[in-house]
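Remarks on the structure that follows.
2 protein chains.
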Amino acid sequence: MHENRQNIINIALNLFALKGYESVGVQKIVDHAKVTKPTLYYYFGNKKGLLDAILEENFTVLIKDLKGKINLDKSLEYNLAIIAHSFFEYGKSHSLFYRFQLNLFFSPPENETHKTVLHFNSIIFGVVESVFHKEFGLTLNRRVCAKYAFTFIGIINNYISLYLSGLLALDDQAEKDAVNQFLFGIIKK
Amino acid sequence: MHENRQNIINIALNLFALKGYESVGVQKIVDHAKVTKPTLYYYFGNKKGLLDAILEENFTVLIKDLKGKINLDKSLEYNLAIIAHSFFEYGKSHSLFYRFQLNLFFSPPENETHKTVLHFNSIIFGVVESVFHKEFGLTLNRRVCAKYAFTFIGIINNYISLYLSGLLALDDQAEKDAVNQFLFGIIKK
DNA sequence: TTTTTTATATACCGAACGGTATATTATGGA
DNA sequence: TCCATAATATACCGTTCGGTATATAAAAAA
């Protein structure tokens, strides 16, 4: 039951990630999934509903993982390593989705797709920011904590982008490199 | 003479940056520019030709500025500051284009638009990499220099993204912050 | 002045777009 | 067994897509 629903989601993610959301028509999706248009519209209402389902399904995995593994009683270094590890493992296991999600994040602000992905990104951002707020909340204001979170996630995404381009392996060394780049820059090793 | 050509370029960049290349039809461009389709096709051949003209016109400015200001006889810190300054000034004076260019860079790899922007990005990348190669070329291999260049540009883009979202001012302090983040991380100030 | 080239408009093309009215087939409960 | 609902298909909707054949106006060259 509902196997068509899941199949449509999988097929659509593949096409979206490879060609872009706007470049893939509903007809092409249902052709690849070997169903017809009314089936897709029965499950998702419209094309945007299909996109929402894809985002919901895939982002939930990462968000739950991050929330479950972060431990605010431990050190900043510990939690940054945990975050880097979660992101990198997720990037490897959901590489198609990660590429697609990056694409949506950098899509134009008036595009409806941008706003949807922003919702999930702000959740992730809040989780990462909590780590900095616990560490620096008494000495630095919230704006600086937010900037740290944004910068750290930026460096993480930078590494994952390199991985997605085939230029880097997301191994233990890369996790350490990312955290060290953020904490100490390129000078100290 | 050719005022229609330039007008089409300006109008199209505005629409592309706000709604996305795929989401803006040729008809909408010519309507806004108050010309007709054959005029656009006379100057640019097709929609992709229009995109190429936009990229060429705008990237040339940044690339020439970078090449002109980098001085390989001076220190790494000096050149990184120069690069950050050029990027930030460019981001402020060409903010619409910068947003659009980021969007294209993160667009799906099979999309034709991605490949075009990659060409200009690799030129910029080469310029930045030359700074690291001059500094570390004897002690570090090319892969590490390339990674440094990629990371530094990533941090720069991170800052410009914050600016484009209205979350940060691209002032002198931001330039220093970006370079320090790259060189020394968040610890040393 | 005539001719050629440049620049623009009218009117149209087939294909693809997102979406739906309606019919049909399964399926599970009463 | 009957009926309601869930799930799928056929065939179609108006609109917009990128692109063009053709005509025309303006300007430059002959």
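Taken in sequence, the protein lines are chains A and B.
Just so we're on the same page, the working numbering is the position in the first sequence counted from 1, plus 1331.
Just so we're on the same page, the working numbering is the position in the second sequence counted from 1, plus 1331.
The C-beta atom is built at its ideal place from N, Cα and C for all residues, glycine as well.
What do you reckon, are the CB atoms on residue i and residue j nearer than 8 Å?
i, j, result
"asparagine 1442/B", "glycine 1351/A", "yes"
"valine 1459/B", "phenylalanine 1483/B", "yes"
"phenylalanine 1307/A", "glycine 1516/B", "What the structure shows of chain A is the stretch from 1332 to 1520, and residue 1307/A is not part of that stretch, so it cannot be assessed."
"phenylalanine 1428/A", "leucine 1344/A", "yes"
"serine 1426/B", "leucine 1495/B", "yes"
"leucine 1493/B", "phenylalanine 1481/A", "yes"
Using a 10 Å radius around the Cβ and a threshold of 16 neighbouring Cβ atoms, would you call residue i buried or exposed?
i, result
"lysine 1368/A", "exposed"
"leucine 1498/B", "exposed"
"leucine 1403/B", "exposed"
"alanine 1500/B", "exposed"
"glycine 1399/A", "exposed"
"asparagine 1410/A", "buried"
"threonine 1444/A", "buried"
"lysine 1520/B", "Interpretation of lysine 1520/B is limited by its pLDDT of 48, a score under 50 that renders its predicted location unreliable; the figure taken from the coordinates is listed afterwards. Exposed."
"glutamate 1387/B", "exposed"
"leucine 1397/B", "buried"
"aspartate 1502/A", "exposed"
Could you check which residue in the options has the C-alpha nearest to that of residue i?
i, options, result
"valine 1361/B", "Asn1389/B, Asn1338/B and Asn1488/B", "Asn1338/B"
"glutamate 1408/A", "Val1462/A, Lys1365/A, Leu1493/A and Asp1502/A", "Val1462/A"
"leucine 1393/B", "Ile1414/B, Ser1406/B, Ile1491/B and Pro1440/B", "Ile1414/B"
"phenylalanine 1419/B", "Gly1399/B, Leu1349/B, Tyr1490/B and Lys1400/B", "Tyr1490/B"
"glutamine 1542/A", "Asp1383/A, Tyr1374/A, Ala1509/A and Tyr1373/A", "The question about residue 1542/A has no answer, for chain A in this structure spans 1332 to 1520."
"histidine 1333/B", "Ala1348/B, Phe1375/B and Tyr1429/B", "Phe1375/B"
"serine 1453/B", "Asp1508/B, Ala1477/B and Lys1465/B", "Ala1477/B"
"arginine 1430/B", "Asn1335/B, Val1475/B, Arg1336/B and Asn1488/B", "Asn1488/B"
"tyrosine 1372/B", "Thr1470/B, Arg1336/B, Leu1469/B and Ile1342/B", "Arg1336/B"
Establish whether the CB of residue i and some CB of chain B are separated by less than 8 Å.
i, result
"threonine 1470/A", "no"
"asparagine 1377/A", "no"
"glutamate 1334/A", "no"
"glutamate 1441/A", "yes"
"lysine 1520/A", "Low confidence applies to lysine 1520/A: its pLDDT is 49, below 50, so where it sits in the model is not reliable, and the reading given next is rough at best. No, lysine 1520/A does not count as interfacial toward chain B."
"isoleucine 1391/A", "Checking the sequence shown, residue 1391/A turns out to be threonine, not isoleucine. Chain B, which has no Cβ nearer than 8 Å to the Cβ of threonine 1391/A, makes this no."
"serine 1438/A", "yes"
"tyrosine 1479/A", "yes"
"isoleucine 1486/A", "yes"
"alanine 1415/A", "no"
Using the Cα positions of residue i and residue j, report the straight-line distance between them to the nearest angstrom.
i, j, result
"histidine 1450/B", "phenylalanine 1467/A", "42 Å"
"valine 1366/A", "histidine 1416/A", "38 Å"
"threonine 1370/B", "asparagine 1389/B", "22 Å"
"serine 1406/A", "isoleucine 1385/B", "48 Å"
"isoleucine 1340/B", "isoleucine 1455/B", "23 Å"
"isoleucine 1518/A", "tyrosine 1421/A", "29 Å"
"lysine 1379/A", "valine 1448/B", "27 Å"
"glutamine 1358/B", "alanine 1364/B", "10 Å"
"valine 1510/A", "alanine 1412/A", "6 Å"
"phenylalanine 1347/A", "leucine 1381/A", "11 Å"
"glutamate 1353/A", "leucine 1349/B", "14 Å"
"lysine 1446/B", "proline 1439/B", "9 Å"
"asparagine 1311/A", "threonine 1391/B", "Outside the modelled stretch of chain A, which goes from 1332 to 1520, sits residue 1311/A, for which no answer is possible."
"glutamine 1504/B", "valine 1355/B", "37 Å"
"threonine 1470/A", "isoleucine 1342/B", "47 Å"
"aspartate 1507/A", "isoleucine 1401/B", "It should be pointed out that residue 1507/A corresponds to lysine in this sequence rather than to aspartate. Those two C-alpha atoms are separated by around 31 Å."
"asparagine 1472/B", "asparagine 1472/A", "40 Å"
"tyrosine 1479/A", "tyrosine 1479/B", "20 Å"
"lysine 1395/A", "valine 1475/A", "25 Å"
"lysine 1465/A", "histidine 1464/B", "39 Å"
So, does the CB of residue i fall closer than 8 Å to a CB anywhere in chain A?
i, result
"glutamate 1410/B", "Per the sequence presented here, residue 1410/B reads as asparagine, with glutamate not at that position. So, not an interface residue."
"glycine 1351/B", "yes"
"asparagine 1434/B", "yes"
"isoleucine 1517/B", "yes"
"leucine 1514/B", "yes"
"serine 1354/B", "yes"
"threonine 1367/B", "no"
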